[in-house]
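Protein chains in written order, with the numbering used here: chain A, 193 to 729; chain B, -6 to 442; chain C, 13 to 139.
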């Protein structure tokens, strides 16, 4: 039996943000200390479901009633066979339900969210305002080009800006998320090799520290994922990469700066090795927030990369989505970009490429032009900063990460002590061996102190790891409070380890029974059709 | 800086703590010859100029026409409750609920979304992870391949062109064959052709995809499609429009194994194409084949009801190259929009939206027929249908000049089909007014005269 | 950690119990404990033919997924259907009710490549 992922040593808990251990003795939790972060008021009680709140006859008044013969054109056998059972609530109840639910969430707007690899920076409010402007929001995706000149101009300009930031030749804004950008990039690489008649390249190489999406993307695109190890400095091992490369290699996917928050200092040699083998180099741009205006992947020799607009360009994370994952390519891959592209005519007007206008394209990766509402926000962010402003963003993000790292080092190990970029890895390995407290417990205790925990147990290559990314939008006072909390928790691990095992206490719920959730999945409330009221009044 | 709290003193303090003279020292790990020296971008704009610039851009789009354009993205009344809830920072500035103890709002809302879509479709497993109707269709087609270990999928040509194109792109990587089924004069998929294709034992079929309503707006014989697919050991996938499920037979009613669709009509603005919401629901037996995040109900250690992402070990961050999909997103905020929309409208409101659209479409049909544009197909429809207009593309362009967006010239999607060269696909919804319909009819009559 | 003397073991923490021409296969108590709460076991179809060291399934805990490897070559003659409903049996009784597959061995004598209990104990103590 071997772990499917690369790090069997972390097998007990390799994913970020891990589970609780249900069934522990919870008696005698300690009194709460004064929180160092935001107020940890528990907020409202947990909410009943919409189904439980439903009472027949409530709601209505939103749209006019249709004429009685409205559905006469629909043959009876094609009509719904049971009555539609949806919850019935009045508007005030709907609003109260969702506002109360919202208050059970931690968010960037409520506190510090140092989730490594996710770049939880502040989401500017003008971006939200802009995306809701009727001209943008009400435009139909198949509107003829002449009706869409404002949006097309915005998309075209954004493409140029992202090309400049990436140092690449061209950009497609179509991919709906980073993972879809990866798929797009790898499919373009596949098309490139095929166009050269080189069908024997069946492998994609990924480092052991890569995001899980990288090997999953390789598989989805029909390749075999091959993992290469990192060296002691946390960088891709050049010799291991050379050994893995060959005539069977289609692409190498690198994240730079890496998921350890480190710049690949031998990136020029890595890229030379990739190209020498006839393979192409994909850059996972998840960590671009560290190097804006400092490092242009295309100029360095990468062939294709994606951006995560929700990481680098401040578009909101939305509880997990929606995102957007623009891809940038060099001249080699330009013919394969997904369609339709945005084109500018000699007269300065814009249009979308027509179906089949460019036969080399890999085709569509989703419907319509892309997550345009997200891209409007990214556009507003870029224009609010300009070139020097973006460079300052990266400087502040890197400075904040290094400062925080230097403070955290007082109680946690730093497997890679060199200067980091926008995020850093620390480990609770020593703390665990001395106290039995795991990084999971430290993370849960941070919740009691009013902070969102960092990413934990990722990257998989470091034991008891946390990956901390402060971003550039957190004040030095916030960074200090967070560091103070981490140091205080390390003290507690020695003086009162049970406080950590019992954490969180100051959250709407405590640790969850995830085993039962997975063994007996309960993925929906029980059908309302014909059901007795769940919660009789 | 626009959103940075750091003063020069703050920066100096942090540098001093690190024993550094300059922030440049933190970038010395970038090889010297690869260091970029800034960015050639437009100058930074203060908020006021930025706002004026964005307003001007938005104003260059023309949205005020009488629009009969649907083709997979529909104008609807979006109750203001939706945007009020979506504007809560607690929702839109949070991330994937990795820490369930402080993410119950997002988690419960996804669980409620799953439950509501399960009520609508009759299928019990719902994922909130999918980007749009196109990507959801591609993922569903891949599910049929994994579940049956067969490598050929049949899809009606009357499925949204972008969904078929997206599926073809996804299949290219996986080396799977996608064959399109023809349609007949009624506008329905030719089920005799489906039966013939399914009978080819040398090329066993993993999944059969039909749209309901289909890309011509026509209602298919889904019962029969599902029966034929199942008889051949294939899975049956319904590509649906969610509002229509308030009045049409559910995918569970006609035996679909998987149902996909575009969730945009459920309270999401048109936004020139996204972000949207891929709906994907499946029968319980397929739960492990469903890509993306799933939220389950459980308890915390004090026995309180709570929600958590579950069946996580199927996913890319754990299974890496052996995951069913690389999907990482959950399209949570769009799923939240759909959840608030359905909660606000309730069962009667949603039925009224669907039925009112159907009623308006019948008025539209009569008006256009009177103006000289009869229907192309004779199959039943709900709120979208194709009409025949000589020289459809130029008529469409002339109508734009008269303030009418006359749907989609179907030649855009079927350039090789002479039977659709003069077809316009038009739709009506509850927001379509009688005067817009009259305007369209009058303008069309003028153009055709 | 329990390591029964009468079983054969692999480096990947599977055990094998020989019963004449056939053998039962599962994972060790050590492996089950390292995984934590097992939530799902994916097993092959009866009739599948396996090579030695070939993957025959996947075991999932809340946040891990691991491949299962066949200790020896053979044909799958039975799988533990109970694990579909009660995957926790792997944690509760790894050498008994938590068994996974039963093989008709291709070469019943070919146990040379496997570890005995003593050698397996050393393996897990070395970490």
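Note that CB positions come from ideal geometry on N, CA and C, so glycine has one too.
Checklist entry - At a CB-CB cut-off below 8 Å, which residues of chain A make contact with residue 339 of chain B? => result 250, 251, 252, 278, 279, 280, 281
Item to check | Proximity to residue 398 of chain A [Cα-Cα], best of A:378, A:540, A:502 | outcome: A:378
Item to check | the region 348 to 357 of chain B contacting the region 367 to 386 of chain B, beta-carbon criterion three pairs below 8 Å | outcome: yes
Item to check | Top-ranked residue by Cα proximity to residue 459 of chain A, from A:498, A:677, A:451, A:447 | outcome: A:447
Item to check | Near-chain C residues of the region 289 to 308 of chain B (beta-carbon distance less than 7 Å), N- to C-terminal order | outcome: 305, 306
Checklist entry - Are the C-beta of residue 528 of chain A and some C-beta of chain B separated by less than 8 Å? => result no
Checklist entry - Taking residue 44 of chain B as the reference, which of A:497, A:510, A:575 has the closest Cα? => result A:575
Item to check | Residue range of the alpha helix (DSSP H) that includes residue 321 of chain A | outcome: 317 to 323
Checklist entry - Of all the alpha helix (DSSP H) runs that stay within the bounds of the region 644 to 701 of chain A, which reach a length of 4 or more residues? => result 668 to 687, 689 to 694
Item to check | Exposed unless 16 or more other CB atoms sit within 10 angstroms - verdict on residue 320 of chain A | outcome: buried
Checklist entry - Taking C-alpha atoms, which residue in A:656, A:509, A:317, A:643 lies nearest to residue 675 of chain A? => result A:643
Checklist entry - Using the C-alpha atoms, what's the distance from residue 606 of chain A back to residue 165 of chain B? => result 44 Å
Checklist entry - Does the beta carbon of residue 720 of chain A sit closer than 8 Å to a beta carbon anywhere in chain B? => result yes
Item to check | Spatial neighbours of residue 299 of chain B in its chain, beta-carbon cut-off 7 Å, leaving aside the 5 residues before and after | outcome: 93, 97, 291, 292, 293
Next on the checklist: Three or more C-beta pairs under 8 Å: does that hold for the region 323 to 343 of chain A against the region 537 to 550 of chain A?
Outcome noted: yes
Checklist entry - Which full runs of the alpha helix (DSSP H) of 4+ residues lie inside the region 470 to 538 of chain A, going along the chain? => result 489 to 492, 501 to 504
Next on the checklist: Within 10 Å of its beta-carbon, does residue 59 of chain C have 16 or more other beta-carbons around it, so buried, or fewer, so exposed?
Outcome noted: exposed
Checklist entry - Within the chosen definition, does the region 323 to 333 of chain B reach the region 76 to 91 of chain B through at least 3 CB pairs nearer than 8 Å? => result yes
Checklist entry - If you drop the 5 nearest sequence neighbours on each side, which residues of the same chain put their C-beta closer than 7 Å to that of residue 491 of chain A? => result 359
Item to check | CB contact below 8 Å: residue 311 of chain B versus chain C | outcome: yes
Next on the checklist: For a test of the three-state rule: what should DSSP assign to residue 231 of chain A, helix, strand or coil?
Outcome noted: With a pLDDT of only 39 at residue 231 of chain A, under 50, the local geometry of the prediction cannot be trusted, and the value read off the model is given with reservation. Here residue 231 of chain A sits in coil by DSSP.
Checklist entry - Which chain A residues are close to residue 320 of chain B, counting only those with a beta carbon under 7 Å from its beta carbon? => result 371
Next on the checklist: Here's the rule: buried if 16 or more other CB atoms are within 10 angstroms of the residue's CB, otherwise exposed. What is residue 126 of chain B?
Outcome noted: buried
Checklist entry - Rounded to a whole number of angstroms, what is the C-alpha to C-alpha distance between residue 311 of chain A and residue 91 of chain C? => result 46 Å
Next on the checklist: Just to confirm before moving on: does the CB-CB distance between residue 174 of chain B and residue 190 of chain B stay below 8 Å?
Outcome noted: yes
Next on the checklist: Judging by CA-CA distance, which residue of A:615, A:551, A:478, A:587 is the nearest neighbour of residue 600 of chain A?
Outcome noted: A:615
Checklist entry - Taking a cut of 9 Å between CB atoms, which residues from the region 675 to 707 of chain A lie near chain C? => result 706, 707
Checklist entry - In the region 97 to 123 of chain C, which residues sit with their C-beta less than 9 Å from some C-beta in chain B, listed in chain order? => result none
Next on the checklist: Tell me which residue opens and which closes the beta strand (DSSP E) that residue 78 of chain C is part of.
Outcome noted: 77 to 81
Checklist entry - Using a C-beta cutoff of 8 Å, does residue 252 of chain B count as contacting chain A? => result no
Checklist entry - Tell me which same chain residues have a C-beta within less than 6 Å of the C-beta of residue 180 of chain B, skipping the five on either side of it? => result 209, 211, 370, 372
Item to check | Helix, strand or coil at residue 384 of chain A according to DSSP, with G and I counted as helix | outcome: helix
Next on the checklist: I need the straight-line Cα distance from residue 519 of chain A to residue 465 of chain A, nearest angstrom please.
Outcome noted: 23 Å
Item to check | Selection of the region 37 to 70 of chain C by Cβ proximity to chain B, strictly under 9 Å | outcome: 51, 52, 54, 70
Checklist entry - Quick one: Cα of residue 667 of chain A to Cα of residue 19 of chain B, how far? => result 19 Å
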